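S.K.:
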Amino acid sequence: MAPENKLDKSKMVVVEGSYAVAHAAKVCRPNVISAYPITPQTHIVEDLSQFMADGEIPNCEYINVESEFSALSALVGSSAAGARCYSATTSQGLELMHEVLFNISGMRLPVVMTIANRAVSAPISIWNDHQDAISQRDTGWLQLYAENTQEISDMTAQAYKISEDKDILMPSMTCMDGFILSHVYEPVVLLEQDLTDEFLPAYEPEHVLDPKNPLSFGAFADPNYYTEFRYLQEQAMQKALKKIEDVANEFYDVYGRYYGGLIDEYRTDDADIIIMAMGSIVGTIKDVIDKLRDRNVKVGLLKVRSFRPFPVEAIKNVVKDAKVVVVLDKNISLGLNEGALFTETKSSLYNTDIRVPVVGYMIGHGGRDIKIDTIEKIIDEAEEVMKTGIKIESQFTDVKEELL
Amino acid sequence: MKSLLAPGHRGCAGCCDAMAAKFALMGAGEDCIVINPTGCLEVMTTPYPETAWDVPWVHSLFENAAAVGSGVEAALKALGKADKAKVLVMGGDGATLDIGMRSISGAFERGHDLTYVCIDNEAYMNTGVQRSGATPFNASTTTSPAGKVSFGNDRPKKNMPAIMVAHGAPYVATTSIGYPKDMINKVKKAVDIEGPTYVHAHAPCTTGWGFDTSKTVEVAKMAVQTGLWPLYEVEEGEVTKVRKIGKNIRPVEDYLKMQRRFKHLFTMEGGAEEIAKIQALANKNIEVYGL
Numbered sequence: 001m002a003p004e005n006k007l008d009k010s011k012m013v014v015v016e017g018s019y020a021v022a023h024a025a026k027v028c029r030p031n032v033i034s035a036y037p038i039t040p041q042t043h044i045v046e047d048l049s050q051f052m053a054d055g056e057i058p059n060c061e062y063i064n065v066e067s068e069f070s071a072l073s074a075l076v077g078s079s080a081a082g083a084r085c086y087s088a089t090t091s092q093g094l095e096l097m098h099e100v101l102f103n104i105s106g107m108r109l110p111v112v113m114t115i116a117n118r119a120v121s122a123p124i125s126i127w128n129d130h131q132d133a134i135s136q137r138d139t140g141w142l143q144l145y146a147e148n149t150q151e152i153s154d155m156t157a158q159a160y161k162i163s164e165d166k167d168i169l170m171p172s173m174t175c176m177d178g179f180i181l182s183h184v185y186e187p188v189v190l191l192e193q194d195l196t197d198e199f200l201p202a203y204e205p206e207h208v209l210d211p212k213n214p215l216s217f218g219a220f221a222d223p224n225y226y227t228e229f230r231y232l233q234e235q236a237m238q239k240a241l242k243k244i245e246d247v248a249n250e251f252y253d254v255y256g257r258y259y260g261g262l263i264d265e266y267r268t269d270d271a272d273i274i275i276m277a278m279g280s281i282v283g284t285i286k287d288v289i290d291k292l293r294d295r296n297v298k299v300g301l302l303k304v305r306s307f308r309p310f311p312v313e314a315i316k317n318v319v320k321d322a323k324v325v326v327v328l329d330k331n332i333s334l335g336l337n338e339g340a341l342f343t344e345t346k347s348s349l350y351n352t353d354i355r356v357p358v359v360g361y362m363i364g365h366g367g368r369d370i371k372i373d374t375i376e377k378i379i380d381e382a383e384e385v386m387k388t389g390i391k392i393e394s395q396f397t398d399v400k401e402e403l404l
Numbered sequence: 405m406k407s408l409l410a411p412g413h414r415g416c417a418g419c420c421d422a423m424a425a426k427f428a429l430m431g432a433g434e435d436c437i438v439i440n441p442t443g444c445l446e447v448m449t450t451p452y453p454e455t456a457w458d459v460p461w462v463h464s465l466f467e468n469a470a471a472v473g474s475g476v477e478a479a480l481k482a483l484g485k486a487d488k489a490k491v492l493v494m495g496g497d498g499a500t501l502d503i504g505m506r507s508i509s510g511a512f513e514r515g516h517d518l519t520y521v522c523i524d525n526e527a528y529m530n531t532g533v534q535r536s537g538a539t540p541f542n543a544s545t546t547t548s549p550a551g552k553v554s555f556g557n558d559r560p561k562k563n564m565p566a567i568m569v570a571h572g573a574p575y576v577a578t579t580s581i582g583y584p585k586d587m588i589n590k591v592k593k594a595v596d597i598e599g600p601t602y603v604h605a606h607a608p609c610t611t612g613w614g615f616d617t618s619k620t621v622e623v624a625k626m627a628v629q630t631g632l633w634p635l636y637e638v639e640e641g642e643v644t645k646v647r648k649i650g651k652n653i654r655p656v657e658d659y660l661k662m663q664r665r666f667k668h669l670f671t672m673e674g675g676a677e678e679i680a681k682i683q684a685l686a687n688k689n690i691e692v693y694g695l
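Protein chains in written order, with the working numbering: chain E, 1 to 404; chain L, 405 to 695.
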């Protein structure tokens, strides 16, 4: 039974999503912030810069780097030198970081980075989808997706606690939908400094760059050793499955707020149709579910918070009694005609006794508005799948035929 | 003086990188943190689980050493440890003035308190002697080979020290592993000056340049004595010191003929004219720096 979210409305203020995230990063007491501006991440780094200018982040250096590549590269050095590190980026910036992402993870440096998810060029688009982060799936970063500004703000502290755990030591991306969350003003409880000091202990790494105890970081591994480095990274990811749940519960104990651990559920108990999705689209889906429940359509939501590590068992447990699973993806693997959440959900169910049909919809590419009507239509089609089986396994949504 | 680079590493006999790293560490002292991009020096000193480094050392990628150095420096500041360690980046010519150019430019523009030592052996040696932006005019490399219609690399070296001076670095120096005291003193001076400082060390590679493993120092000295590699210091934008050659100046042939990479200049038709062009480059250095 999931804990009940106790949101203290008296503590709520109306701020932009980016401000809530910047404030959360500040409250986590980072030692080095390194970032390069890119829409729609800019407001986060501007707010952090103002905090720095006002002397509000003690024991911290902000590096105004010349590229995203260097933004993350600098944090290799900072983290290895013992600093708690923060960055934020999106889209092209995240793609430029690709090589460094592998490096940070392989060196087991627990950096936390907010991604204001945005489509990838070409054609250039500043608007939201998840292609940027999904394309970095295999780099060894935890990927956590938030539904609203309260969740992404609180997720910052959770991510540090997960990443810095001595059994994990893997970096985290906390993902918020660009513009939809980064630029929206809504009421939030800003992450509390006193509670965060209680929740998140100071970062005290075992291994640091220190002349008094010289260690070598980043040696090369020949075929006698390389496999074990990869194996241990995967072991850490598997341990993170439990850690993410534990940290969500610990967060609830301290702050009284809860959004699920690896996943969250909404009206799934008796659901024949389970919709799966990540990010802000979840809010729209909940509204549609409420509406359809009034019409006795047995539909529920499985919100995926953790895309990496992928919550196989948690998903299986929720969908095992459903009659159809519908997966919405704001990304596509070109050449497979599937979104990543869909592919991986199917993969999780194969070789099991669970025989529920799974269909996929790729939706909201490049920021295309996802309307209530669209979700309703998808659920109508799911009802057809229940009756007659799968006709189309995976498809684009809202393609404008007149533009083709 | 204690060597902070242990013997037993996997460098070639007569390796210029090992000498350069040892001299740089003698200048910087044991309270330093070394950042080392991908390259021969990295590979030969740190095959997991071994290391030759008696100072803290970090390798990240090929093109980001100056950014990693920026991050180490920022962390030391934030954690109140800035007085506990010097930040010393040591990278090859490819890592510095080709693929790492953006990174070093950013670090110097931002003014981090670090010293960058470029160990310049004038090509990508770790991958098998391919040309870099530091490869000299008419050198034969595996990607700029001499051939029936080519004398080899058709461009002069990129003037990296001048680029670093243009960044407003308080201290920029050229040095050579042929002159260990010169190199040790310049690195020591560089790490003691606040802000981003740059030392460019000329470093002949026995394998890539094609000379006997016992001749590394001799070849290095000859580059200086011909005027092809002038040794100077630039402080706050002004040349403050130059190592004079004076009457002992040698013709560039004496340098070129020591190395396989220039051998074609002595056998191909038109080679003499090409050597004259190289002599003109040396003459220009002699004039500009008053060697």
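Cβ atoms here follow ideal geometry from the backbone N, Cα and C, with glycine treated the same way. Quick caveat, the model's predicted, so the values are computed rather than measured.
Evaluate V399(E) with the Cβ neighbour count: other Cβ atoms within 10 Å of its Cβ, from every protein chain shown; 16 or more gives buried, anything less gives exposed.
M.R.: exposed
S.K.: Can you check DSSP and say which residues form a bridge with T174(E)?
M.R.: Per DSSP, T114(E) and L144(E).
S.K.: Along chain E, which residues have their Cβ under 9 Å away from the Cβ of T531(L)?
M.R.: Here the premise fails: no neighbours, minimum Cβ distance about 14 Å.
S.K.: List the residues of chain L whose Cβ lies closer than 7 Å to the Cβ of N31(E), in chain order.
M.R.: For N31(E), the neighbours in chain L by C-beta distance under 7 Å run, in chain order, A479, A482 and L483.
S.K.: Would you mind sorting R230(E) into buried or exposed? The rule is 16 or more other CB atoms within 10 Å of its CB.
M.R.: exposed
S.K.: The beta strand (DSSP E) with H130(E) in it runs from where to where?
M.R.: Element bounds for H130(E): n/a, residue is neither H nor E.
S.K.: If we count Cβ pairs, one from each stretch, closer than 8 Å, do we get three or more for the region 278-291 of chain E versus the region 310-317 of chain E?
M.R.: no
S.K.: In chain order, what residues of the same chain lie with their CB nearer than 6 Å to the CB of L195(E), ignoring the 5 residues before and after it?
M.R.: V254 and Y255
S.K.: For I289(E), tell me which candidate among P309(E), S306(E), E265(E) and I44(E) has the shortest Cα-Cα distance.
M.R.: E265(E)
S.K.: Would you kindly work out how many angstroms separate the C-alpha atoms of V553(L) and I682(L), rounded to a whole number?
M.R.: 18 Å
S.K.: For R506(L), go through chain E and note every residue whose CB falls closer than 9 Å to its CB, in chain order.
M.R.: E66, S67, F69 and S70
S.K.: Flag this pair as yes or no: are the beta carbons of V112(E) and S153(E) separated by less than 8 Å?
M.R.: no
S.K.: Taking Cβ positions, are T630(L) and Y583(L) nearer each other than 8 Å?
M.R.: no
S.K.: What residues of chain E sit near R514(L), judged by a beta carbon separation below 9 Å?
M.R.: I63, N64, V65 and E66
S.K.: For the alpha helix (DSSP H) that contains H43(E), what are its first and last residues?
M.R.: T42 to A53
S.K.: Let me see if you follow: with CB-CB separation under 8 Å, is D458(L) close to chain E or not?
M.R.: yes
S.K.: Determine the closest residue to V318(E) out of L334(E), N331(E), V299(E) and S394(E), with distance taken between C-alpha atoms.
M.R.: V299(E)
S.K.: According to DSSP, is G77(E) part of a helix, a strand, or is it coil?
M.R.: helix
S.K.: If you measure beta-carbon to beta-carbon, which residues of the region 216-227 of chain E are closer than 7 Å to chain L?
M.R.: S216, F217, G218, A219, F220, A221, D222 and Y225
S.K.: Comparing alpha-carbon positions, which option in R257(E), S79(E), V324(E) and R293(E) lies nearest H207(E)?
M.R.: S79(E)
S.K.: My output table needs one value for D253(E): the three-state DSSP class, helix, strand or coil.
M.R.: In the displayed model, D253(E) falls within a helix according to three-state DSSP.
S.K.: Using a beta-carbon distance cut-off of less than 7 Å, what residues from the region 73-95 of chain E approach chain L?
M.R.: S73, A74, L75, V76, G77, S78, A80, A81, G82 and A83
S.K.: Please work out which residues of its chain come closer than 6 Å, Cβ to Cβ, to G537(L), disregarding the five sequence neighbours upstream and downstream, and give them in chain order.
M.R.: Listed in chain order, the non-local C-beta contacts of G537(L) below 6 Å within the same chain comprise L501, D502 and K562, local neighbours out to five positions each way being set aside.
S.K.: If the cut-off is 8 Å on Cβ atoms, which residues from the region 422-439 of chain L count as contacting chain E, listed in chain order?
M.R.: E434, D435, C436, I437 and I439
S.K.: Against chain E, which members of the region 460-471 of chain L pass a CB distance test of less than 7 Å?
M.R.: So the close ones are P460, W461, V462, H463, S464, L465, N468 and A471.
S.K.: Please confirm whether S474(L) has its beta-carbon closer than 8 Å to some beta-carbon of chain E.
M.R.: yes
S.K.: Determine the extent of the beta strand (DSSP E) in which E434(L) is found, giving its start and end residues.
M.R.: E434(L) -> no beta strand (DSSP E), and no H or E assigned at all.
S.K.: Decide if P30(E) is buried, meaning its Cβ has at least 16 other Cβ atoms within 10 Å, or exposed.
M.R.: It is buried - the Cβ of P30(E) has at least 16 other Cβ atoms within 10 Å.
S.K.: Measure the alpha-carbon distance for L241(E) versus E228(E) and round it to whole angstroms.
M.R.: Rounded to whole angstroms, the gap between the alpha carbons of L241(E) and E228(E) is 20 Å.
S.K.: Answer yes or no: do V327(E) and F342(E) have a C-beta to C-beta separation smaller than 8 Å?
M.R.: yes
S.K.: Mind pulling the chain L residues with CB within less than 8 Å of V100(E)?
M.R.: S464, L465 and N468
S.K.: Hey, would you say S216(E) sits closer than 8 Å to N468(L), going by beta carbons?
M.R.: no
S.K.: Determine the contact status of I581(L) and A424(L), defining contact as a CB-CB distance below 8 Å.
M.R.: yes
S.K.: Against chain L, which members of the region 8-36 of chain E pass a CB distance test of less than 7 Å?
M.R.: Under the 7 Å Cβ criterion, the region 8-36 of chain E contributes N31, V32 and S34.
S.K.: Have a look at M529(L) and Y361(E) and give me their C-alpha separation to the nearest angstrom.
M.R.: 51 Å
S.K.: Contact check, P40(E) vs G178(E) under 8 Å by CB: the rounded distance?
M.R.: 4 Å
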